[in-house]
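Participant: First, the structure itself, so that you have it in front of you.
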Amino acid sequence: MNDQTKNQEKVVEIAGHHLGKVGGAGYSDQYNPDLLVAIPRKYNREAYEIEEGNLPFVGSDVWNCYEVSAITSKGRPVAGMMKIICPSDSPLHVESKSIKLYLNSFNMTKMGDTEKECIALMEQTVEKDLSVRLKTDVKAKLFTDTNAPEFNMDKQGFIRLDALVDLDTVEFNVFKSDASQLKRTDDVVTDEVIKVSSDLLRSNCRVTNQPDWGDVYIHMEGVSSLDYESIARYIVSHRQVSHFHEEIVEMVFTHLTQAYKPNKLMVAALYTRRGGLDINPIRATHQDMIPEAFISTEYINRKTLRQ
C-alpha cells in the first residue's frame, strides 16, 4: 500500500466519524463543541506535491450555514445564516457533517437575554471553537437581515465557457480527473486577462460518494493561448472522482499551474447546498486576485442558480 492510499484511508476514517449514526450524542441540541471533526489538510495535499509551510497559494474556505439557531434566556428562538471563513493555510479543515451537528447543538442552548446578545455569543463561540480545533483564526458572522450587502461572483467579469465553446459539439469521454485534457492553441504568452466560469463541475464526496455540484471560476494572467474546449473537457473529467470541495479547488489550481504556468492564477468553486450548508473554497497566487467581499463577514455571497 503506497503513502497516498494510506493517506486517503486516514482521511476517510477521520471524516467518517459521524457517518451512518442515528440519534444519540451526535444529534444533541445542547451546545457540544466535541462534535467537531478536524481533518489534516496534508493528507490530500501530498498527492499534488503541495507542501505545508510553503503553499503555492493564499485563500480561504467560505462556508454558508443556513440552519443556525439558538434561544435566549427567555426561550426566544434566534435564527439566521452564518458565514464562516477559514484560511487555507490552516493545518486542518473541518468535516462537513460534524460542523452541521455542532451548529445544531446550539438549537436549544440559551445564549444571552436578547436577540443581539444571542447573536454575538453564537458568533464568538463558533469563532473560538473552530479557531482552537483548526489551529487558525476563523471568522464567523450570523446574518438575520435579508437586506445585508451582497457580493456576486458572476458580476466580476467572468465569461461562461458555453459562451466561448459550443458544448454540444464537444465529445466528453473522460470522467476521472485528467489534467492531460488541458491544451494550448500556441506557445505565445499574452497579457490577456482570462476570466472564465462554468457550471459543468461535478464531483463526489470522498466519504459518502454523494454528488457535489459546483460552479467554478478561473482567473489567469500571463498565459499562452488557451484551448477553451480543453478546459471544458478537463472540468467535466472530475465527474466521477471522490474528493472534498477544498481538494478539488487545490487540484484544479495545481493542474492549471502545471499546464499553463500563469503569472497569476485564481480558482474558486461555489458548491451547492447539501445538509444545510455550502462550501466555497478560493485559492490564488496573489491576495489581490481574491475579491475582498468574497472573504468578508460583512457581505453575503450571492448564490448561483443551483445554489
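Numbering of the sequence shown is given in the numbering used here, commencing with residue 222 and proceeding in unit increments.
Think of the CB as a built atom: it goes at the ideal place given N, C-alpha and C, for glycine as much as any other residue.
Please read these numbers as outputs of a predicted model, since none were measured by experiment.
1) Comparing C-alpha positions only, which one of Phe327, Asp407, Asn484, Lys376 sits nearest to isoleucine 530?
2) Do the region 298-313 and the region 249-256 touch if we need at least three Cβ pairs shorter than 8 Å?
3) Buried or exposed, going by whether 16 or more other CB atoms sit within 10 Å of the CB of valine 283?
4) In three-state DSSP terms, what is cysteine 426?
5) Would you mind working out which of Pro312, Thr365, Val258 sits nearest glutamate 267, comparing C-alpha positions?
6) Cα separation between lysine 276 and aspartate 310?
7) Among all the DSSP beta bridges, which residues are the ones paired with aspartate 334?
8) Which one or two residues does DSSP pair with phenylalanine 372 in a beta bridge?
9) Could you tell me if valine 437 is buried or exposed, where buried requires 16 or more neighbouring beta carbons within 10 angstroms of its beta carbon?
10) Between the C-alpha atoms of aspartate 448 and leucine 385, what's the straight-line distance to the nearest angstrom?
11) Check each candidate in Ile380, Val473, Ser249, Arg405 and name the one with the smallest Cα separation from serine 319.
12) So for phenylalanine 379, helix, strand or coil by DSSP?
13) Return yes when the Cβ of serine 398 is within less than 9 Å of the Cβ of leucine 462, no when it is not.
14) Beta-carbon separation of phenylalanine 393 and alanine 453 under 9 Å?
15) CB tyrosine 481 to CB arginine 405, shorter than 9 Å?
16) Rounded to whole angstroms, what's the CA-CA distance from valine 243 to valine 353? Just pull it up for me.
17) When the Cα of serine 294 is compared with those of Thr390, Thr330, Ala514, which residue comes out closest?
18) Helix, strand or coil, according to DSSP, for proline 254 in the structure here?
19) Decide yes or no for the touch test of the region 408-415 against the region 459-474: beta carbon pairs closer than 8 Å, at least 3 of them.
20) Can you tell me which residues form a DSSP beta bridge with aspartate 499?
21) Which partner residues does serine 463 have in the DSSP bridge list?
22) I think methionine 343 touches alanine 291, with their Cβ atoms under 8 Å apart; what is that distance to the nearest whole Å?
23) Going by beta carbon distance, what residues of the same chain come within less than 6 Å of lysine 263, once the five residues before and after it are set aside?
24) Given a threshold of 16 other Cβ atoms within 10 Å of its Cβ, counted over all protein chains shown, does glutamine 508 qualify as buried or as exposed?
25) Report back the beta-carbon spacing between leucine 477 and isoleucine 439 to the nearest angstrom; my notes put them in contact at under 8 Å.
26) Near isoleucine 500, which residues of its chain fall below 6 Å by C-beta distance, leaving aside the five closest residues on each side in sequence?
27) Can you round the beta-carbon distance between alanine 300 and valine 289 to whole angstroms, since I take them to be within the 8 Å contact cut?
28) In terms of residues, what are the limits of the alpha helix (DSSP H) holding arginine 266?
29) Quick one, which of Val258, Gly280, Ile260 has its alpha-carbon nearest alanine 490's?
30) With respect to the alpha helix (DSSP H) encompassing alanine 489, which residues constitute its N-terminal and C-terminal limits?
31) Sort Leu351, Asn522, Val457 by Cα distance to valine 258 and report the nearest one.
32) Under a three-way DSSP split, which group does serine 329 fall into?
Facilitator: For this structure:
1) Here the chain covers residues 222 to 528 and nothing more, so residue 530 does not appear.
2) The region 249-256 and the region 298-313 do not touch, with fewer than three beta-carbon pairs separated by less than 8 Å.
3) It counts as buried.
4) Coil, per DSSP.
5) Nearest C-alpha to glutamate 267: Pro312.
6) Looking at the sequence provided, one finds leucine at residue 276 rather than lysine. For leucine 276 and aspartate 310, the distance between alpha carbons rounds to 7 Å.
7) DSSP, once it has assigned bridges, lists no residue as partnering aspartate 334.
8) The partner list for phenylalanine 372 (beta bridge, DSSP) reads Asn522.
9) Burial check for valine 437: the Cβ neighbour count within 10 Å reaches 16 or more, so the residue is buried.
10) About 10 Å.
11) Among Ile380, Val473, Ser249, Arg405, the Cα nearest to that of serine 319 is on Ser249.
12) Per DSSP, reduced to three states, the secondary structure at phenylalanine 379 is coil, with no helix or strand assignment.
13) According to the sequence provided, residue 462 is valine. The question's leucine does not apply to it. Note that the C-beta distance between valine 462 and serine 398 is below 9 Å.
14) Yes, the pair counts as a contact, with Cβ atoms nearer than the cut-off.
15) Yes, the pair counts as a contact, with Cβ atoms nearer than the cut-off.
16) In this prediction, valine 243 has a pLDDT of 49, which is less than 50 and means its spatial position is unreliable; what the coordinates show is noted afterwards. If you take the alpha carbons of valine 243 and valine 353, they lie about 27 Å apart.
17) Out of Thr390, Thr330, Ala514, Thr330 has the C-alpha closest to the C-alpha of serine 294.
18) Shown here, proline 254 sits in a helix according to DSSP, grouped into three states.
19) Result no; under three Cβ-Cβ pairs closer than 8 Å.
20) The partner list for aspartate 499 (beta bridge, DSSP) reads Asn285.
21) Residue pairing by DSSP places serine 463 opposite Asn425 in a beta bridge.
22) Contact flag correct, Cβ pair sits at about 6 Å.
23) Only residues of its own chain outside the window of five on either side were considered, and among them Glu273 have a CB closer than 6 Å to the CB of lysine 263, listed in chain order.
24) So glutamine 508 counts as exposed.
25) Confirmed, Cβ separation roughly 7 Å.
26) So the qualifying residues of the chain are Trp284, His466, Tyr492.
27) That belief holds up - the Cβ atoms of alanine 300 and valine 289 are roughly 7 Å apart, short of 8 Å.
28) Counted as a single uninterrupted DSSP element, the alpha helix (DSSP H) harbouring arginine 266 occupies residues 263-266.
29) Nearest Cα to alanine 490 within the set Val258, Gly280, Ile260: Gly280.
30) Annotation: alanine 489 is outside any alpha helix (DSSP H); the continuous beta strand (DSSP E) that includes it extends over 485-492.
31) Ranking the options by Cα distance to valine 258, first place goes to Leu351.
32) Correcting the residue type first, residue 329 is methionine in the shown sequence and not serine. Annotated three-state conformation of methionine 329 is coil, per DSSP.
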